[in-house]
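What follows is a single structure, written as C-alpha cells, with notes after it.
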Ligand code: PHE
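Numbering (our numbering), first residue to last: 8 to 445.
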C-alpha cells in the first residue's frame, strides 16, 4: 500500500499549525504567564521560541521528510538499523500516549463547558469547575472527546486530518482575533494589558531560573516538539518545499495565537474580575475554567460569547489531539502492517483506559500534565536534535537545503551547529534543573 501524503503545502501548514495551536496556547500559556511574572515571562518565552523552538521544529521536519516514517521507524532506518536510536524514537510514540491521556481529560472539560455555556450551568456557580473536573462524569466527557479525535484520525491523512484542520485552523484564528478585539474594548482592560505587556525586569532578575524553566517547557509544548508530531506530519510531505519557510510560518502563527489568547484572557480578568484571582495566579487549570468563565456572566450576551470562546478552545484542542493520536497510529501502520482503522480503534481503547485513570485521580493528573510531560518533551527533543545533528549530519543539511531559498540556505550551517551543540546542552541543563540534578 502506498503511504499517504498531504494534498497541498497549505494543507500541511494548516495541519501543523492546528497541532501547535491548542490547550498550550489557550489554557496553559495564560496561567504560566500569570504565575511567572507576566511580561517578563513573555519575553523569555518569545526568545526561546525563536532560538530553540524554530531550530528544533526544523530538525523534526528534516527527520520526517527524509525518512517518510513515524518517529520510531525514522530514527531506526536513518541510523541504518540502530536499536538504540529506534528506542529514542519509540520514546516519542510512548510520550504521545501519555500526553493524550491527560489532554483528552482537559478536552472533556472543554466539551462540557461548551454545553454548560449554552445552558448557563456555571453562571453564578464558582464551585462548578471543582464539581465536574474529576470523577466518573469527567471520565465520560474524556471518552467523548477521545471519540471525536479518533473519528478524525480514522479518516486518514487527507480525508481526516487535512480536511478537518483546513476548516478548523482558520476558524480558530479568526474567532480568537474577534474575541481579543472585544476583550480589549472592555472598560478596565488596560490593567490587564499592562500586566501582560509591560516588561518587569525586577521579576526576571529575582527568578531567572524558574522563569527560564517554565518558558522552555511551555515553548516545547506549544510547538508540539519532542514527541515526534512534527516528524510524523513532515513524513507526509510529498513535494520538497522550503522547510525553513514553512517552519517559520508555523512558529509565527502559533506564537501569534498564543499572544492573542493572552489578549483575550488578561483584559477579561482585569476588566471583569478586578485582577488575577487566587485561582488564576495559583491553580493552573482554574485560570480558564473559573475566572474566565465567570467573567462571561457579567457581560451582555455572555452566554453566546462563552459558547464562542469555549468553541474556539474545543477546536484548538481537537486539532492538537489528532496530531498526538496520529503518532502511534503511524507507528503501527508503518512498522506493523496494521490497518489505520484497527490501529486507531485499538489505541483509542488503550487511551480510554489511561485517560480514565487520569480523570479519576487529580494527583496523578497534575503530575502527568506538569513535570512528567515537561521531562519527556525536553528529553525527547534533545534526542531528536542530537540525532539530526550528529547521526544525519551532512544529510540533515542537504535535506534542509532541498527546496529552500537563499536566506534559509545561508542559515543552514549555523542551524546545524546549533542543533549539534548549544541547543542540546541548553535542553539537558533545563532538564537537569527541573529534576534537581544541576
Ligand atoms: N502543541 C499542543 C498545544 O499547544 C500540544 C501538543 C504537544 C500537541 C505535543 C502535540 C504534541 O496544545
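By construction, the Cβ of each residue, glycine as well, lies at the ideal position given by its N, Cα and C atoms.
key: Distance between residue 30 and residue 228 (C-alpha atoms, nearest Å)   = For residue 228 and residue 30, the distance between alpha carbons rounds to 10 Å.
query = Do residue 222 and residue 51 have their C-beta atoms closer together than 8 Å?
reply = A contact, by the Cβ cut-off of 8 Å.
request  = Just jot down, in chain order, the residues whose CB lies closer than 6 Å to any heavy atom of the ligand PHE.
outcome  = In chain order, the qualifying residues are 26, 27, 29, 30, 31, 32, 106, 228, 229, 231, 234, 236, 327, 330 and 331.
inquiry  = Here's the rule I'm using: 16 or more other beta-carbon atoms within 10 Å means buried, otherwise exposed. How should residue 216 be labelled?
reply    = The residue in question, residue 216, is exposed, as its Cβ has fewer than 16 Cβ neighbours within 10 Å.
message = Checking 8 Å against the spacing of the C-beta atoms, do residue 173 and residue 24 come in under that value?
response = No; because the gap between Cβ atoms is not below 8 Å, this pair is not in contact.
ask   = How is residue 341 classed by DSSP in three states: helix, strand or coil?
value = Per DSSP, reduced to three states, the secondary structure at residue 341 is helical.
task = Check whether the Cβ atoms of residue 384 and residue 272 lie closer than 8 Å to each other.
result = Residue 272 is positioned such that its CB atom lies no closer than 8 Å to that of residue 384.
Extent of the continuous alpha helix (DSSP H) to which residue 59 belongs = Per DSSP, residue 59 lies in no alpha helix (DSSP H) segment and is marked neither H nor E.
Cα-Cα separation, residue 326 to residue 261 = Cα-Cα distance, rounded: 13 Å.
key: Local conformation of residue 10 per DSSP, three classes   = Coil, per DSSP.
query = Of the residues 382, 431 and 39, which one's Cα is nearest the Cα of residue 58?
reply = Sorting 382, 431 and 39 by C-alpha distance to the C-alpha of residue 58 places 431 at the top.
query = How is residue 285 classed by DSSP in three states: helix, strand or coil?
reply = The predicted position of residue 285 is uncertain, since its pLDDT is 46 and thus under 50; no value can be drawn from it.
task = Pull up the distance between the alpha-carbon of residue 454 and that of residue 129, whole angstroms please.
result = Residue 454 is absent from the structure shown; the chain starts at 8 and stops at 445.
ask   = Helix or strand or just coil, what does DSSP make of residue 243?
value = Of the three classes helix, strand and coil, the one that applies to residue 243 here is coil, per DSSP.
query = So what does DSSP say about residue 126, is it helix, strand or coil?
reply = If DSSP states are grouped into helix, strand and coil, residue 126 belongs with the helices.
Cβ-based burial, residue 76 [other Cβ within 10 Å; buried from 16] = Result: buried.
Enclosing alpha helix (DSSP H) for residue 170 [first to last residue] = It spans 170-191 - the alpha helix (DSSP H) in which residue 170 sits, taken as one unbroken run.
query = Does DSSP put residue 308 in a helix, in a strand, or in coil?
reply = In the three-state DSSP reduction, residue 308 falls in the coil class, being neither helix nor strand.
Delimiting residues of the alpha helix (DSSP H) encompassing residue 376 = Element bounds for residue 376: n/a, residue is neither H nor E.
key: Endpoints, alpha helix (DSSP H) assigned at residue 425   = Residue range 419-427 is occupied by the alpha helix (DSSP H) that includes residue 425.
task = Check whether the stretch 310-328 touches the stretch 58-68, taking contact to mean three or more Cβ pairs, one atom from each stretch, closer than 8 Å.
result = No, because fewer than three Cβ pairs between the stretch 310-328 and the stretch 58-68 fall closer than 8 Å, the two stretches do not touch.
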